[in-house]
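Only one structure is covered here, and it is reproduced in the block below.
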Amino acid sequence: MNLHPFLIAIEVGGTIAFAMSGLIEATRKRMDIVGVFSVAFVSAFGGGTVRDILLDRRPFFWIQNQEYLWLVLAMVLTTPLWLKTLRHKLGGHVMEFADACGLGLFAISGATIALAADMPVLVAMMMGVVTAIFGGVSRDVLCNEVPKVYSDHRPYAMCALFGCGVFIVLDAIGLPLPISTLSGIAAATGTRLIAVALDIRLPAWPKPGE
Amino acid sequence: MNLHPFLIAIEVGGTIAFAMSGLIEATRKRMDIVGVFSVAFVSAFGGGTVRDILLDRRPFFWIQNQEYLWLVLAMVLTTPLWLKTLRHKLGGHVMEFADACGLGLFAISGATIALAADMPVLVAMMMGVVTAIFGGVSRDVLCNEVPKVYSDHRPYAMCALFGCGVFIVLDAIGLPLPISTLSGIAAATGTRLIAVALDIRLPAWPKPGE
Amino acid sequence: MNLHPFLIAIEVGGTIAFAMSGLIEATRKRMDIVGVFSVAFVSAFGGGTVRDILLDRRPFFWIQNQEYLWLVLAMVLTTPLWLKTLRHKLGGHVMEFADACGLGLFAISGATIALAADMPVLVAMMMGVVTAIFGGVSRDVLCNEVPKVYSDHRPYAMCALFGCGVFIVLDAIGLPLPISTLSGIAAATGTRLIAVALDIRLPAWPKPGE
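Residue numbers (the UniProt record's numbering), protein chains in the order written: chain V, 1 to 210; chain S, 1 to 210; chain Y, 1 to 210.
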């Protein structure tokens, strides 16, 4: 994909946010530098890689755009310089915002690529969600946790699904690709930010007592 | 594969049983609806998907036959309506039976597909077992458990292996495909049902004290 | 790859060591024979299989060289005969040595194959490390543990990385392949043996207090 500079900025932000989530989780588990890099890498690129394996696409995103590899490597190497500051000062809000941007962009990129590979709509929506969440799922499996996206009851995959739906509907009714793409990203990222701001929770399924 | 209506019925039953096992496990972990769907999906289609990745086959079973996706989705959406009833009334027996059917069918379908891809016999048997058990292994990894198939000491993969062996021998001596296929399925499903009925256990390997 | 008899000997030793590590871990978890075989298999062949999936190479190493499958099967079947003796007598030292040989050989074979697939240098080094460590990572995920290679703080992936670096530099300056290959293997295996002998530890990253 040739991306507009604006989309590249979102993508860089999303990749950084996803890598950061892995990096922070790995440092919590007191891993060494190899573990921190591996978990950060898998968090950032796991979703897109699984999507590409499922769709049988090569080369992978991170092989075609090696600067992302170097970016994650640089983040890991410089961790001692900024991790404490980040935890104390910037902390939650910036991370949540960047992560929501990553969610939207990865979801729509996954759906776009699946549609381009002639997948049916249901599969394209699944691929969007897989691209958005599978990095986090792999991160939690490597850290020996139940995946947070399945168990913390905060809407995340739902927002990705909604964004993919918006994108696919707008695309199907014939809007130009930039508009449907941006609307889908905005829908996913926006609902995620609203869900975080209002602290919305999904119930366990089925609800206790049901 | 073009399947006989009888085989399709077994396949639907097996897929439902496998999805159900994931669904029940995920509700035990108090996941939200996204988690329940993901784990049910991986339980039902994980084995066949890993087999297809290993054999480099596309499109996947669940992309070619989307009605299975809708089936699992419908099961997850209607969970509140039937889960309690299932636990109290039908419970173990129906589930065990359906699961044993799934075991037999998935094992033989895996072996058939591997043989059709010119794999040697040992690999075909492995692919049969992988197809039968990997959904459950992935389910347990996502739920942060040691895979039950490796640790609950009840014969499961062994039954899949036996069924694949029966199928491959009958096929090699020239019996028509429907007969060798059905015999293989019956061998896997039958030994599983017998093992469950008699509560047969495999020892830890090597046996304690050895 | 057509390997020199000397390399084949190292490869067999490495495969045995990797399978053994899985076998021992699975017996600790009191798995049955299916679990022990699965975990031993994944430990021995997981790294190379993930590399081949990432590079889209078929057939897999263990399908092309089935004698390795039989070897692992024979190891698992004969476990009761030698496991106790191994634990009491040979124990750590032989295992550490064989494992270090496997580390070196798997790392350089991964890097060689990635370079042959026209991957850039950074990716080739990653593929070398993935080939060397991913069997162990998969083993620990199946056994429901945080991967040891990320958390036991003993240099392992670092040694693989160093060996791949030596190999790639010597190859780039035009040394004949046997020399660069053997030097890379020796560098990875040698630094690992030194790290084990001197009990060198990597700190958590970032270091506590940083």
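Beta carbons: idealized from backbone N, C-alpha and C, even for Gly. Predicted, not measured: the structure shown is a model, and the values here were computed from it.
- Item | Chain-ordered chain Y contacts of residue 194(S) [CB-CB under 8 Å] | Neighbours of residue 194(S) on chain Y: none; closest Cβ ~17 Å, over 8 Å.
- Query: Helix, strand or coil for residue 110(Y) per DSSP?
  - Reply: helix
- Task: Can you give me the start and stop residues for the alpha helix (DSSP H) that residue 164(Y) sits inside?
- Result: 157–172
- Could you name the residues of the same chain whose beta carbon sits closer than 6 Å to that of residue 136(V), not counting the 5 residues immediately before and after it, in chain order? 149
- Message: Taking 8 Å as the threshold (beta carbon to beta carbon), is residue 151(S) in contact with chain Y?
- Response: yes
- Message: Please report the straight-line C-alpha distance between residue 108(Y) and residue 129(Y), rounded to a whole angstrom.
- Response: 9 Å
- Report the residues of the stretch 3–30 of chain S with a CB closer than 8 Å to any CB of chain V, ordered along the chain. 26, 27, 29 and 30
- Message: So residue 53(V) contacts chain Y; which residues on that side make the cut at Cβ distance below 7 Å?
- Response: 53
- Task: Taking C-beta pairs closer than 9 Å, name the residues in chain Y that residue 158(S) reaches, listed in chain order.
- Result: 32, 33 and 34
- Item | Segment contact flag, the stretch 156–168 of chain S with the stretch 60–72 of chain S, C-beta cutoff 8 Å, min 3 pairs | no
- Specify, as a first and last residue, the run of the alpha helix (DSSP H) that residue 125(Y) falls within. 121–142
- Express the C-alpha separation of residue 132(V) and residue 85(V) in angstroms, rounding to a whole number. 27 Å
- Compute the Euclidean distance between the alpha carbons of residue 123(V) and residue 165(V), then round it to the nearest angstrom. 12 Å
- Beta-carbon of residue 56(Y) versus every beta-carbon of chain V: anything under 8 Å? yes
- Query: At a Cβ threshold of 8 Å, is residue 64(V) touching chain Y?
  - Reply: no
- Checking contacts by CB at 8 Å: is residue 124(S) closer than that to chain Y? no
- Message: Using 8 Å as the threshold, is the C-beta distance between residue 180(V) and residue 193(V) below it?
- Response: no
- Just mark residue 139(Y) as buried or exposed, buried being the case when its beta carbon has 16 or more other beta carbons within 10 Å. buried
- Task: Check residue 195(S) in the structure and name its three-state DSSP category.
- Result: helix
- Item | Same chain, Cβ closer than 6 Å to residue 12(Y), neighbours up to 5 away in sequence not counted | none
- Query: Does the pairing of the stretch 27–35 of chain S with the stretch 196–208 of chain V give three or more beta-carbon distances under 8 Å?
  - Reply: yes
- Query: Using the beta-carbon count (16 or more within 10 Å), is residue 87(Y) buried or exposed?
  - Reply: exposed
- Task: Answer with yes or no whether the minimum CB distance from residue 1(V) to chain Y is below 8 Å.
- Result: Low confidence applies to residue 1(V): its pLDDT is 48, below 50, so where it sits in the model is not reliable enough to give any reading.
- Cβ distance (whole Å) where residue 111(S) is taken to contact residue 167(S) below 8 Å: 6 Å
- Cβ of residue 103(Y) within 7 Å of any heavy atom in the ligand SAH? Ligands are entirely absent from the displayed structure, and the ligand SAH is therefore not among its contents.
- Message: Does the CB of residue 71(Y) have a neighbour CB from chain S at under 8 Å?
- Response: no
- Item | Straight-line gap, residue 5(V) to residue 121(Y) (C-alpha atoms, nearest Å) | 27 Å
- Task: Establish whether the CB of residue 137(Y) and some CB of chain S are separated by less than 8 Å.
- Result: no
- Between residue 26(S) and residue 9(S), which are expected to be in contact by the criterion C-beta below 8 Å, what is the C-beta distance as a whole number of angstroms? 26 Å between Cβ atoms; not a contact.
- Message: Within a Cβ cutoff of 6 Å, which residues of the same chain sit near residue 184(V), ignoring the five residues on either side of it in sequence?
- Response: 108, 163, 166 and 167
- Task: Grab me the residues of residue 187(S)'s own chain with a C-beta within less than 7 Å of its C-beta, minus the 5 sequence neighbours each way, in chain order.
- Result: 162, 163 and 166
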